[in-house]
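The block underneath contains the structure these notes are about, expressed in structure tokens.
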Amino acid sequence: MAALPQSLESSQEQLLEQDIADHVTLGQDAWRRLRRNRLAVIGLVIISVFIVSALISFVWTPYPTWRQALGPTYQGPTLAHPLGLDDYGRDILSRVMGGAAIALSVGVGASAIASFIGILLGLLAGFYRGKVDLVISTLINVSYGIPDLLIALVLVLLIGRGVGNIILAIAVTAWLGMARLVRGQTLSIREKEFVEAARTIGTPNAMILLRHILPNALGPIVVQATYLVPAAIIFEAFLSLLGMGIPPPAPSWGRMASEGYKALELAPHIVLMPCAALSLTVLAFNWVGDGLRDAIDPRMKR
Amino acid sequence: MSQPTTVTPATDPTIKSPLVRIEHLVKHFPTGGAFGRAVVHAVDDVNLAIQKGETLGLVGESGCGKSTLGRVIVQLQPATSGHVFFQDQDLTRLRGEKLRRIRQQVQMIFQDPYASLNPRMTVGDIVSEPLRNFRLARGKKAEQRVQEVMRVVGLNPGFVNRYPHEFSGGQRQRIGIARALVLNPTFMVADEPVSALDVSIQAQIVNLMEDLQEKFNLTYLFIAHELAVVRHISDRVAVMYLGKIVEIGPSAAIRDRPLHPYTKVLQSSVPVPDPDVEASRKPILLKGEIPSPVNPPPACRFHTRCPIAQKICSEVEPPLEMKESGRFAACHFAGQL
Amino acid sequence: MSSGTVHAVDGISFDIDRGEIVGVVGESGSGKTMTALSLLRLVPEPGKISGRILFGEQDVLQMADDEIREFRGNEVAMIFQDPMTSLNPVLRVGFQVEEAMDAHRRFTRQQSRERVVPMLQRVRIPAAKERVKDFPHQFSGGMRQRAMIAMGVSNEPSLLIADEPTTALDVTVQASIIELLRDISRELRAAVILITHNMALVASLCNRVIVMYAGRIVEEGPTRAIFKNPQHPYTWSLLRSMPRVDEVAKERLISIKGVPPDLAKPPAGCKFHPRCRFRIDKCFTEEPPLGEVDPGQLARCWVLMKNIQDPESEAMR
Numbered sequence: 007m008a009a010l011p012q013s014l015e016s017s018q019e020q021l022l023e024q025d026i027a028d029h030v031t032l033g034q035d036a037w038r039r040l041r042r043n044r045l046a047v048i049g050l051v052i053i054s055v056f057i058v059s060a061l062i063s064f065v066w067t068p069y070p071t072w073r074q075a076l077g078p079t080y081q082g083p084t085l086a087h088p089l090g091l092d093d094y095g096r097d098i099l100s101r102v103m104g105g106a107a108i109a110l111s112v113g114v115g116a117s118a119i120a121s122f123i124g125i126l127l128g129l130l131a132g133f134y135r136g137k138v139d140l141v142i143s144t145l146i147n148v149s150y151g152i153p154d155l156l157i158a159l160v161l162v163l164l165i166g167r168g169v170g171n172i173i174l175a176i177a178v179t180a181w182l183g184m185a186r187l188v189r190g191q192t193l194s195i196r197e198k199e200f201v202e203a204a205r206t207i208g209t210p211n212a213m214i215l216l217r218h219i220l221p222n223a224l225g226p227i228v229v230q231a232t233y234l235v236p237a238a239i240i241f242e243a244f245l246s247l248l249g250m251g252i253p254p255p256a257p258s259w260g261r262m263a264s265e266g267y268k269a270l271e272l273a274p275h276i277v278l279m280p281c282a283a284l285s286l287t288v289l290a291f292n293w294v295g296d297g298l299r300d301a302i303d304p305r306m307k308r
Numbered sequence: 003m004s005q006p007t008t009v010t011p012a013t014d015p016t017i018k019s020p021l022v023r024i025e026h027l028v029k030h031f032p033t034g035g036a037f038g039r040a041v042v043h044a045v046d047d048v049n050l051a052i053q054k055g056e057t058l059g060l061v062g063e064s065g066c067g068k069s070t071l072g073r074v075i076v077q078l079q080p081a082t083s084g085h086v087f088f089q090d091q092d093l094t095r096l097r098g099e100k101l102r103r104i105r106q107q108v109q110m111i112f113q114d115p116y117a118s119l120n121p122r123m124t125v126g127d128i129v130s131e132p133l134r135n136f137r138l139a140r141g142k143k144a145e146q147r148v149q150e151v152m153r154v155v156g157l158n159p160g161f162v163n164r165y166p167h168e169f170s171g172g173q174r175q176r177i178g179i180a181r182a183l184v185l186n187p188t189f190m191v192a193d194e195p196v197s198a199l200d201v202s203i204q205a206q207i208v209n210l211m212e213d214l215q216e217k218f219n220l221t222y223l224f225i226a227h228e229l230a231v232v233r234h235i236s237d238r239v240a241v242m243y244l245g246k247i248v249e250i251g252p253s254a255a256i257r258d259r260p261l262h263p264y265t266k267v268l269q270s271s272v273p274v275p276d277p278d279v280e281a282s283r284k285p286i287l288l289k290g291e292i293p294s295p296v297n298p299p300p301a302c303r304f305h306t307r308c309p310i311a312q313k314i315c316s317e318v319e320p321p322l323e324m325k326e327s328g329r330f331a332a333c334h335f336a337g338q339l
Numbered sequence: 007m008s009s010g011t012v013h014a015v016d017g018i019s020f021d022i023d024r025g026e027i028v029g030v031v032g033e034s035g036s037g038k039t040m041t042a043l044s045l046l047r048l049v050p051e052p053g054k055i056s057g058r059i060l061f062g063e064q065d066v067l068q069m070a071d072d073e074i075r076e077f078r079g080n081e082v083a084m085i086f087q088d089p090m091t092s093l094n095p096v097l098r099v100g101f102q103v104e105e106a107m108d109a110h111r112r113f114t115r116q117q118s119r120e121r122v123v124p125m126l127q128r129v130r131i132p133a134a135k136e137r138v139k140d141f142p143h144q145f146s147g148g149m150r151q152r153a154m155i156a157m158g159v160s161n162e163p164s165l166l167i168a169d170e171p172t173t174a175l176d177v178t179v180q181a182s183i184i185e186l187l188r189d190i191s192r193e194l195r196a197a198v199i200l201i202t203h204n205m206a207l208v209a210s211l212c213n214r215v216i217v218m219y220a221g222r223i224v225e226e227g228p229t230r231a232i233f234k235n236p237q238h239p240y241t242w243s244l245l246r247s248m249p250r251v252d253e254v255a256k257e258r259l260i261s262i263k264g265v266p267p268d269l270a271k272p273p274a275g276c277k278f279h280p281r282c283r284f285r286i287d288k289c290f291t292e293e294p295p296l297g298e299v300d301p302g303q304l305a306r307c308w309v310l311m312k313n314i315q316d317p318e319s320e321a322m323r
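Chains as they are written, first to last, in my numbering: chain A, 7 to 308; chain B, 3 to 339; chain C, 7 to 323.
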């Protein structure tokens, strides 16, 4: 029964093996809660399906995404073309698959860049406060005052419309929220006792930021970054709808919808299919984001 | 106001080899929202000396400035004015790398064992971080040192890969102590180290701190609000009220014959786990509430609540002067309550 | 890990008479607060209570919902540790005291209104006439606790449950709240249950003591007997683990090794045996009953301190 660990020098107060709680890391704990969230799991499945089809589209699609006149234009779904053909007679299924690759790279790329900028500036502003904070916060507040679309459009006009440029244009408008979030988190975490403790043991500022503050803000950051993905996808679709997105013949969902829009009454499937794909992706990411939020911080849920 | 000839607690001749000497230390916080300008007098003109190898206890009620004093001493917060000499180096003048270096000698134990450990780091990482900060040990050697320290504080070294949330309050406090101990410091400020713990665990930590002091020749500043715990662990006790030290003296002398009325009141207020003593104990009840440190009363800060205050108490501030060898009190009528 | 039944309180029986002050002591997780909440049927969901709680002739567990509501405010009052969270921050203190009386219809509206200031004076809030109009944040911690006590006793309950009423307060304030509780219980001739982790507080205020550990009563008896002659090793060690403010020589504290058990998987046998310095083989397997060791004093232990020679040096080993 309860063998005492032998080699303890302070024999007065020994630790009993059984006193320790079950060994679960915070990450494992969060993952377990996420798995129990049905919508989040459905979201993950949907995202996986889109990721897989995007990956496949790089090597194979049922038909080349650009090939026209595969059959009658405006043709509805058939066995050969399950999602139908568009106004040029291109295969919509192939184009939706190719569009997934574009949507995901734009979404994830923009979210990654925006998160990087936002985290960096947010950490600096929150940690150093004073003048650093004043400069960064002013930048954020001024940028908030200018419509995102205006910034993105000007940027696209200046640097062009390639996928990389579109990602950059979206990221430049999307980091503000992340920076605000991280700044707030940093401001509150830097007052925690363990950060004070880190200072008393001589931890340099850079390590305090990386080792103590950032990991403890990671939960909300991951959630925010997840929400940024669908936001960027929608933004790209919107740019494409305005004709300022990724240039043809690349199969961007937004462009497909904008092209099909001319024949909405004649052949609604041309608009419907890419829009369905878009909505499904956006919803899936939002579900996963909600799930992550609840899993990482169970207190926020009720 | 202090002539060079006056003996203050910082120049107490009974302190033969002071490790820490605090002179005229002041800490004011700006406060007050829209109208600004208000200042919290958290620590006001504190003089203290801490003898090498002793435990100096610091007691006072919430808001008296005892925690702030501890934080200013270890330079977690800058002093408004005054000096903290540690082995003849003025900590208040140190900046950047020089200040970081001194942390190998001066360590702190925190009150809340739940908040003072980074929840994302394993116990091994937490305890070895100071070693990494000063590049004192790496790899196997660091591992050995961490295990050794864990053993010394009564933690099973097999738990290095566990996270803080897997431990109970008392065990977490041991982790915090191990982190402070790993650098082999000479001076430790312990800010309410047992207040957040269950009664049966408090004794474990108090005993551990006593053992460590003996084993490693540590000097403690032990801050707490419970007079009984402070008295038990300390050689000398300093009592704080509203930002000022009102009495300092040897632990036993303060128990037998407190000089300052506030010390007497504190002592009479603490119940004793003995029904016979309790039957006759009459606590001296104070009138009113503790005044705000934003607007402390003039002259003697205790005069508004003191049971023996006279006219002079609201007019002339009593200096904290030596009343007997090694005993200081800031009261015009010391020993008369 | 997250499912299963926790026996937070197990097989508790005790009674309390008018005018009596009973101390329930224990550490966090010992079940002392749960016991008190059970008396009021306030156990949080999904908690369950079984057994009988007799108040006079009535069984609290059998009462209908409206009966229990009347019972809570009129017959029993509860005072909590943190008065700030129990007072509504946006309502004036005086109004909240009045509301406490209104809600239970022992007094008419008019009577309630007139009783507010005297109630606040009774709990010795200075300048009560002016301060009835204050909001809780304008009160200090001690004043808020007084206001809570005023609300609690405004309906003249016959049972007052005080759950760590002074833990959040400074010692000098604590002393005055203890004096107040003592006087109030005398004036009302109410029974008082004081729930606390502080043994010294019990020594100062209570006639009888119940010591709880891991959801069980481990020792119970008249205050003097428990303090002078504790029979359960837990009580005995607890008393020696605290420094006394009047301690003469610096003695090493007797610490209780280990930590309290996880009630989701309590140890077999006596719940205290993993931490007990005086355990025998039987303690590992069989849980002792709560037996009478002296007239009026009960302890749940196979060993009992009176059977141990020189426990101090035994414990120091």
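Note that CB positions come from ideal geometry on N, CA and C, so glycine has one too.
To which residues does DSSP link residue i through a beta bridge?
| i | result |
| --- | --- |
| B/Y243 | B/K246 |
| B/P20 | B/Q53 |
| B/Q345 | Because chain B is modelled from 3 through 339, residue 345 of chain B falls outside the range shown and cannot be assessed. |
| C/R214 | C/V28, C/P228 |
| B/Y222 | B/T57, B/M190 |
What residues from chain B crowd round residue i, counting only those whose CB sits closer than 7 Å?
| i | result |
| --- | --- |
| A/F200 | A117, S118, L119, N120 |
| A/T209 | E131, N135 |
| A/P221 | R122 |
Give me, in chain order, the residues of the same chain whose beta-carbon lies closer than 7 Å to that of residue i; leave out the 5 immediate sequence neighbours on both sides.
| i | result |
| --- | --- |
| A/A256 | I108 |
| B/S69 | D193, I225 |
| C/G264 | P280, R281 |
| B/F161 | V125 |
| A/Y267 | V277 |
From which residue to which residue does the alpha helix (DSSP H) around residue i run?
| i | result |
| --- | --- |
| A/V51 | 44 to 65 |
| B/G98 | 98 to 104 |
| C/A42 | 38 to 45 |
| C/V99 | 99 to 108 |
| B/V279 | 277 to 282 |
| A/F200 | 199 to 206 |
Go to residue i, then tell me how far its beta strand (DSSP E) extends in each direction, as first and last residue.
| i | result |
| --- | --- |
| B/R329 | 329 to 331 |
| C/K256 | First-last for C/K256: undefined, no H or E at that position. |
Just the chain C side, please: which residues come within less than 7 Å of residue i by C-beta, in chain order?
| i | result |
| --- | --- |
| B/G172 | V265 |
Output needed for residue i: all residues of its chain with C-beta closer than 6 Å, excluding positions within five of it in sequence on either side, in chain order.
| i | result |
| --- | --- |
| A/A5 | This structure cannot speak to residue 5 of chain A, because chain A is shown only from 7 to 308. |
| C/S243 | I260, I262 |
| C/I232 | V215 |
| A/L45 | W293 |
| C/R283 | A321 |
| B/Q204 | V196 |
| B/A336 | L261, K325 |
Assuming residue i and residue j form a contact by the criterion Cβ under 8 Å, report the distance between their Cβ atoms to the nearest whole angstrom.
| i | j | result |
| --- | --- | --- |
| C/V103 | C/A153 | 7 Å |
| C/K277 | C/A220 | 4 Å |
| C/L207 | C/I183 | Contact flag wrong, Cβ pair sits at about 10 Å. |
| B/V45 | B/M110 | No, B/V45 and B/M110 are not in contact; Cβ-Cβ is about 16 Å, not under 8 Å. |
Kindly list, in the order they appear in chain C, the residues whose Cβ is closer than 9 Å to that of residue i.
| i | result |
| --- | --- |
| B/H227 | D176, V177 |
At a CB-CB cut-off below 8 Å, which residues of chain A make contact with residue i?
| i | result |
| --- | --- |
| B/L78 | E202, R205, T206 |
| B/Q312 | Per Cβ cutoff of 8 Å: no residues; B/Q312 is ~43 Å from chain A at best. |
| B/F112 | E199, E202, A203 |
Closer than 8 Å by C-beta to residue i: which residues in its own chain qualify, once you throw out the five before and the five after it? Chain order, please.
| i | result |
| --- | --- |
| B/I235 | T57, G59, V208, M211, E212, Y222, F224 |
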